[in-house]
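In our numbering, the protein residues as written are 6 to 245. Following: one structure in structure tokens, then a few remarks.
Okay, here's the thing in structure tokens:
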């Protein structure tokens with residue numbers, strides 16, 4: 006990624022929360038996973054920055070959505086049931102954030118947000134960590150539009166999602182995952198109109214076909230993302 010020209014690379018920590026690692030009985034390894042993920046990414050960023058001082062590279066510590074949701078019951082027969090509480094999820098995010106920062110992350114990113122309440126738990130945890138440490142790192146926020154309904158899994162439009170998280174004063178707000186670049190465009194436009202923040206987009210190469218393969222070619226994807234930039238819609242682009 007860095008050799009191809011990336012300015013930012015994400016840590017390999019998408020599922021490195023105590024909540025998600027519980028599925029593998031690896032809760033005790035959570036902090037160390039985040040430290041290692043950030044350390045490895047930071048090392049290659051620093052090495053590349055030394056080679057190209059005119060283009061510094063940055064390590065983005067990733068907090069994924071976890072395998073639980075605060076807004077939706079996992080039990081169709083009990084709509085009020087939740088598999089986890091806000092405080093429990095916030096504590097899990099706090100631990101992961103501490104590990105990412107201790108490992109050398111320069112930016113924290115809450116990404117692939119399908120449930121905004123989960124994201125609020127992450128943002129609350131990040132704020133608590135920053136308050137305790139006495140300094141702040143930039144925060145990037147990226148939601149996911151799950152299908153052509155134009156909404157997140159918890160039911161928000163891109164605009165509503167942005168309004169729900171802009172109080173956190175993010176470095177950027179964006180969308181990632183799920184849709185291909187062309188299908189994502191109208192929702193990126195909604196974001197660009199809605200908030201005073203840098204806008205990011207790192208889409209998938211479309212949705213998988215019946216064989217689990219992605220039909221959108223690199224040329225199609227880069228061409229469409231190039232159109233985003235030419236139209237002034239985005240400040241940060243990538244792939245998911």
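Think of the CB as a built atom: it goes at the ideal place given N, C-alpha and C, for glycine as much as any other residue.
query: Residue 158 versus residue 69: straight-line alpha-carbon distance, rounded; result: 15 Å
query: Inter-residue Cα distance where the pair is residue 111 and residue 190; result: 29 Å
query: CA-to-CA distance, residue 75 to residue 90, given in whole angstroms; result: 7 Å
query: In DSSP terms, what residue 155 is bridged to; result: None; residue 155 has no bridge partner.
query: CB-CB length for residue 215 against residue 185, believed under 8 Å; result: Actually they do not touch by this definition, with Cβ atoms about 16 Å apart.
query: Residue 100 classed as buried or exposed, judged by whether at least 16 other C-beta atoms fall within 10 angstroms; result: buried
query: CB contact flag (residue 15, residue 23, <8 Å); result: no
query: C-beta atoms of residue 163 and residue 192 nearer than 8 Å; result: yes
query: Closest Cα partner of residue 173 within the set 18, 114, 52; result: 114
query: First and last residue of the uninterrupted alpha helix (DSSP H) at residue 224; result: 223-235
query: Chain-order list of residues whose beta-carbon lies under 6 Å from that of residue 107 (same chain, five-residue window excluded); result: 40
query: Same chain, Cβ closer than 6 Å to residue 226, five either side skipped, listed in chain order; result: 186, 210
query: Residue 231 classed as buried or exposed, judged by whether at least 16 other C-beta atoms fall within 10 angstroms; result: exposed
query: Whether residue 181 touches residue 149 by CB criterion (8 Å); result: yes
query: Status (buried if at least 16 other CB within 10 Å, exposed otherwise) for residue 81; result: exposed
query: Cα-Cα separation, residue 116 to residue 123; result: 11 Å
query: Beta-carbon spacing of residue 25, residue 71 below 8 Å; result: yes
query: Those residues which DSSP pairs with residue 206 across a bridge; result: 180, 242
query: Counterpart residues of residue 64 in DSSP-defined beta bridges; result: 14
query: Buried/exposed call for residue 177, threshold 16 Cβ in 10 Å; result: buried
query: With 16 other Cβ atoms within 10 Å as the buried cut-off, status of residue 55; result: exposed
query: Neighbour-count burial assignment, residue 29, 16 or more Cβ in a 10 Å radius; result: exposed
query: Residue 161, buried or exposed, once every other Cβ within 10 Å from all chains shown has been counted against 16; result: buried
query: Buried or exposed by the 16-neighbour rule on C-beta atoms within 10 Å, applied to residue 120; result: buried
query: Rounded Cβ spacing between residue 167 and residue 200 (contact assumed at less than 8 Å); result: 5 Å
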